[in-house]
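Here the structure is laid out as C-alpha cells; the discussion comes afterwards.
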Amino acid sequence: AHQWQGVLREYADRLDVSEATPIVTLGEGGTPLIPAAALSRRTGADVYVKFEGMNPTGSFKDRGMTMAVSKAVEQGAKAVICASTGNTSASAAAYATHAGIKAVVLVPEGKIAMGKLSQAIAHNAELLQVRGNFDDCLDIARDLAANYPVHLVNSVNNDRIEGQKTAAFEVVEVLGDAPDFHFIPVGNAGNYTAYTRGYTEEAERGISTKLPRMFGFQAAGSAPIVLGHPVKDPDTVASAIRIGNPASWELAIAAREATNGYFGAIDDEKILAAQRILSAEVGIFVEPASAISVAGLLERAEAGDVPAGSRVVLTVTGHGLKDPQWALRLPGGGEVQPTSVPVDVAEIADVLGLSRA
Ligand code: F0G
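Here the sequence shown is numbered in full-length UniProt numbering, starting from 2 and rising by one per residue.
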C-alpha cells in the first residue's frame, strides 16, 4: 500500500535535494484541503480550508523543517537553533531529534502556548525562555548562528521557505488550478512568501493558469506590515503571530505586489469569533493565529472584495489542541462550565430535553 513519503520525496524534482541529502522526514505534507460549506454559505464564495494542523507536529512548520534539518545534516550540522513563538520550536525539536542532532530553541518567557512548550520539551530540545519578546529571540538566534557552531532554522533560512512552498503545489493539484484568493495568517511573513513562490512556480510551469490574490492578516495589536512600521510591544491572543518586526517583510511586500494582494489587521475578538465559527460550523479546530484566515475572509467578503463564486483557499496553520484554552472562554469573559449530571438516565434525558419515544 502507498504511504505518503513526506514533501522532500514527493516533490524531489521541485526542491534542491540530491542523492547526497539525508532525508529527515516524519511524513509531513499531504494535508487535507477541506471544502467548507458553512463558510461558502456565509460568503457566497467557494471556500476550501488547507488544514495544516494535520502535519506531524500539528503545524505547517514541518514542511519547512524537513527541508531545513535535512540540509543542515547534509552540511554536517550537529545542532540547530531557532527563535520561536512555539510552533517552530516544536517542529525543530522533533526533526532534530529524529535526525539525531540537537535543537536549541529560544522562546519569549511566558508567551508561548502550553502545548507547544510541552512538545519542545518532549522532543528533548534545549529550551531557553528569554526574558524578552519573539523579536529579541530572533536577534539572538541570528547572532548565535553567525558566530557559533549552530545552524539557524528560522524562516530567514531559505530552505524553510522552499519546503513550505509545497503546500501551494498540493492546493493546485487538488483544485486543478490556483484559487482566485488565498487567505493566510502573517507573522514573520515566511509562509505568505512561500505560498507565493509555490504558486508562481506552478504558473511558470504551466500547471496553473493564474496566481491567487494573496490576502495576509496580522493581529491588530501586532500588525507592523499593515501599519508600515515595527511594533515595539506586540500584543494579541494569537501568540503564534505576536511579532513586531517580521523577518520576511520585504519579500512579503514584493509578494503582495506580484499577486495584487492585500494585508489587513483583525482584532482579537474577531479572531476568537472566527475560531469558534470554524470549530462549531465546519468541524476544524485551530489555534487562534490560524483563525485569522477565516476572520480575514469574513471581513473582506463583507467589504465586497470577494466576488460571489470566487474560489478561495484559507490556510489554517496550527492545530487547536496546541492552545485549547480559548475554546473554553465565553465571549464576554468567564469560562464555559460543562453541565454536571448524576448517574441517572431519566435526569439526563430531562436535562437534554428528550421525551421518551
Ligand atoms: N500561524 C501559526 C500557527 C504560526 O505558528 C506562525 C508562525 C504563523 C501562522 C505565521 O507564519 O511567520 O511564516 O508569517 N510561527 C512562528 C513560530 C513565528 O515561531 O512558530 P509566518
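In this text, a Cβ means the ideal position worked out from N, Cα and C, and glycines have one as well. Predicted model only: the values in this text are computed from it and were never measured.
| Query | Result |
| --- | --- |
| Would you list the residues sitting across from glycine 265 in a DSSP beta bridge? | Phe218 |
| Cα-Cα, which of Thr167, Leu355, Thr260, Thr237 is closest to phenylalanine 184? | Thr260 |
| On a CA-only basis, which of Asp178, Ala275, Arg301, Glu300 is nearest proline 289? Give me that one, please. | Ala275 |
| What does a CB cutoff of less than 7 angstroms around glutamate 348 pick up in its chain, not counting 5 residues either side in sequence? | Val342 |
| Which partner residues does glycine 319 have in the DSSP bridge list? | Ser60 |
| So, using beta-carbon positions, are lysine 51 and aspartate 160 closer together than 8 angstroms? | no |
| Check the DSSP bridge columns for cysteine 83 and list the partner residues they point to. | Val106 |
| So is the beta-carbon of tyrosine 193 under 7 angstroms away from any non-hydrogen atom of the ligand F0G? | yes |
| Give every residue of the same chain whose Cβ lies closer than 8 angstroms to the Cβ of asparagine 134, excluding the five residues on either side of it in the sequence, and list them in chain order. | Pro109, Lys112, Asp234, Pro235, Arg243, Gly245 |
| Given 7 angstroms as the limit, tell me if serine 60 has its C-beta closer than that to any heavy atom belonging to the ligand F0G. | yes |
| Assuming valine 70 contacts valine 25 under a Cβ cut-off of 8 angstroms, what Cβ separation, rounded to an integer in Å, is found between them? | 5 angstroms |
| Looking only at C-alpha atoms, which of Gly28, Ala84, Ala39, Gly222 sits nearest to glycine 284? | Ala39 |
| Can you tell me where the beta strand (DSSP E) holding proline 36 begins and where it ends? | 34-36 |
| Can you tell which of Ala37, Glu282, Arg277, Asp351 has its C-alpha closest to the C-alpha of leucine 331? | Arg277 |
| Under a Cβ-count criterion, where at least 16 other Cβ atoms within 10 Å of its own Cβ denotes burial, should methionine 68 be classed as buried or exposed? | buried |
| Does the distance between the C-beta of glutamate 288 and the nearest non-hydrogen atom of the ligand F0G fall short of 7 angstroms? | yes |
| Please name the residue, chosen from Ser41, Ile293, Tyr12, that lies closest to glutamine 219 on a Cα-to-Cα basis. | Ile293 |
| Any heavy atom of the ligand F0G inside 7 angstroms of the beta-carbon of serine 119? | no |
| Starting from isoleucine 254, follow the alpha helix (DSSP H) in both directions and report where the run begins and ends. | 250-260 |
| Got a sec? Which residues, its chain only, sit under 7 angstroms from isoleucine 122 by beta carbon, not counting five neighbours each side? | Leu128 |
| Per DSSP, what are the beta-bridge partners of arginine 330 in this structure? | Glu336 |
| In this structure, does DSSP put isoleucine 185 in helix, strand or coil? | strand |
| Helix or strand or just coil, what does DSSP make of aspartate 47? | strand |
| Applying the 10 Å Cβ sphere with the 16-neighbour rule, what's the burial state of glycine 207? | exposed |
| What are the partner residues of glutamine 130, as DSSP defines its beta bridges? | Val108 |
| Applying the 10 Å Cβ sphere with the 16-neighbour rule, what's the burial state of glutamine 338? | exposed |
| May I ask which residues mark the beginning and end of the alpha helix (DSSP H) holding leucine 139? | 135-148 |
| Would you mind stating whether alanine 256 and tyrosine 193 have Cβ atoms separated by less than 8 angstroms? | yes |
| For lysine 271, which residues in the same chain have their Cβ closer than 6 angstroms to its Cβ, ignoring the five residues on either side in sequence? | Ala296 |
| Assign valine 287 to one of three DSSP states: helix, strand, or coil. | strand |
| Pick from Ala224, Asn125, Asp140, Gly65: whose alpha carbon is nearest that of threonine 167? | Gly65 |
| How long is the line joining the alpha carbons of threonine 316 and leucine 279, rounded to whole angstroms? | 12 angstroms |
| Tell me whether residue 374 sits in a helix, a strand or coil according to DSSP, three-state version. | Nothing can be reported for residue 374: it is not among the residues displayed for the chain, which extend from 2 to 358. |
| What does DSSP give as the partner residue(s) for histidine 152 in the beta ladder? | Val81 |
| Using 10 angstroms around the beta-carbon of histidine 124, count the other beta-carbons present and answer buried if the total reaches 16, otherwise exposed. | buried |
| Classify glutamine 165: buried if its beta carbon has 16 or more other beta carbons within 10 angstroms, exposed otherwise. | buried |
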